[in-house]
Amino acid sequence: MFAPYLLFLGGPWSDNQKIVQQNPPALASHRQQQCTPGTVGDWRPCLVCRQQFYCPYIYGIFCGDTCSKKAHTRAPGILLLTREHPEWAIICQFFEKSWMHPEKEVPDICDIYVVLQTDALVDSYETYLKRIDRGASCMAQVYKTPGNETYRWHGTSRACRIGEHATTTPCLNSECGICGIISSSFDLDHYGRATKWGRFGRGIYTTEVSSKSDDYALNRHKSFTKALVLASVTLGHPMKLRHNSDQLIEPPLGYDSVICLFLDSYSY
12 MFAPYLLFLG
22 GPWSDNQKIV
32 QQNPPALASH
42 RQQQCTPGTV
52 GDWRPCLVCR
62 QQFYCPYIYG
72 IFCGDTCSKK
82 AHTRAPGILL
92 LTREHPEWAI
102 ICQFFEKSWM
112 HPEKEVPDIC
122 DIYVVLQTDA
132 LVDSYETYLK
142 RIDRGASCMA
152 QVYKTPGNET
162 YRWHGTSRAC
172 RIGEHATTTP
182 CLNSECGICG
192 IISSSFDLDH
202 YGRATKWGRF
212 GRGIYTTEVS
222 SKSDDYALNR
232 HKSFTKALVL
242 ASVTLGHPMK
252 LRHNSDQLIE
262 PPLGYDSVIC
272 LFLDSYSY
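Take 12 as the starting number for the sequence shown in my numbering and just add one per residue.
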């Protein structure tokens, strides 16, 4: 998996996460912005030089190699996605459409950051994606994207102030899941730290339901925001399960991942 985006959410929170203070800061709501989703072939601002450039794709944040390389000299770290950028609207819409828990009010998106990971991590992910895409289990199927790559949500802990007060460099606290992902990507050794158990055994868990991953996005300090990861996930050929399988330590033979198909799957 690869973490391209980091979202910071501002209340409302569930009761056990609510922070009570007299004068909370004013958090800009994404619903107050006039955002236009990106289209194939549009003009948009580069996140480094701020100049408008023509992008032939829906996704694109740098005007060229020079700005891309300049941004990645800051890796590992995060780079603010401006609200006028077309990808801001795409991510906001994706977040709201994937919020499935009716008892939980949709929180506001305060900020969205692009995650800048080292070349070694990016190369490792792309190598894995190509290997899965060329594997026998994946080539026997027809998928819309190479390696059946898709976006999924992931909630974890935050033990520092990254994303607040212009803090864009990850901390070294081993209990900060957000900074661990920014610095070294997803780590299977962290499995079970928060829940002590996995419904489908040992693995890295993501979900297409933003309101589910929100349950796992926790702060280890008082804050008016909390962070959620939007990850690129290479599913390959997934095994679809309708029951718990907590003894798994890897996908069964012939499969590359495991997907939950519970009738009320948004609960899981």
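Glycine included, C-beta positions come from ideal geometry on N, C-alpha and C.
Since the model is a prediction, treat every value here as computed from it, not as a measurement.
- Counting along the chain, W54 sits inside the beta strand (DSSP E) bounded by residues D53 to P56.
- Residue environment: G265 is assigned as exposed (fewer than 16 neighbouring CB atoms within 10 Å of its CB, all protein chains considered).
- Listed as beta-bridge partners of Q63 by DSSP are P56.
- Per the C-alpha coordinates, the member of G75, F105 and A238 positioned closest to R163 is F105.
- With fewer than three CB-CB distances shorter than 8 Å, the region 229 to 236 does not count as touching the region 247 to 260.
- The three-state secondary structure of M150, taken from DSSP, is helix.
- If you draw a straight line from the Cα of C182 to the Cα of S195, it is about 12 Å long.
- The Cβ atoms of M12 and A205 do not sit closer than 8 Å to each other.
- The straight-line gap separating the alpha-carbon atoms of G166 and K237 is approximately 10 Å.
- Secondary structure at L264: coil, using DSSP grouped into helix, strand and coil.
- Beta-bridge partners of N230 (DSSP): R169.
- V220 carries a coil assignment under DSSP once its states are collapsed to helix, strand and coil.
- L91 places its beta carbon 8 Å or farther from that of I72.
- The region 119 to 134 and the region 84 to 99 touch, with no fewer than 3 CB-CB distances between them shorter than 8 Å.
- Separation of the CB atoms of Y16 and I101 is rounded to 10 Å, and the pair is thereby denied contact status at 8 Å.
- Under the DSSP assignment, V133 falls in the alpha helix (DSSP H) whose first and last residues are D130 to D144.
- DSSP places G21 inside the beta strand (DSSP E), whose first and last residues are F13 to G21.
- Spatial neighbours of T129 in its own chain (CB-CB distance under 7 Å, excluding positions within 5 residues in sequence) are listed in chain order as A86 and P87.
- Check the Cα spacing between Y68 and each of D200, K81 and W54: the tightest is with W54.
- Look at G191 here: in three-state DSSP terms it is helix.
- Residues P157, G158, E160 and T245 of the same chain have their beta carbon placed closer than 7 Å to that of L140, with the five preceding and five following residues left out of the count.
- With respect to the 8 Å criterion, F211 and D257 are classified as neighbours on the basis of their beta carbons.
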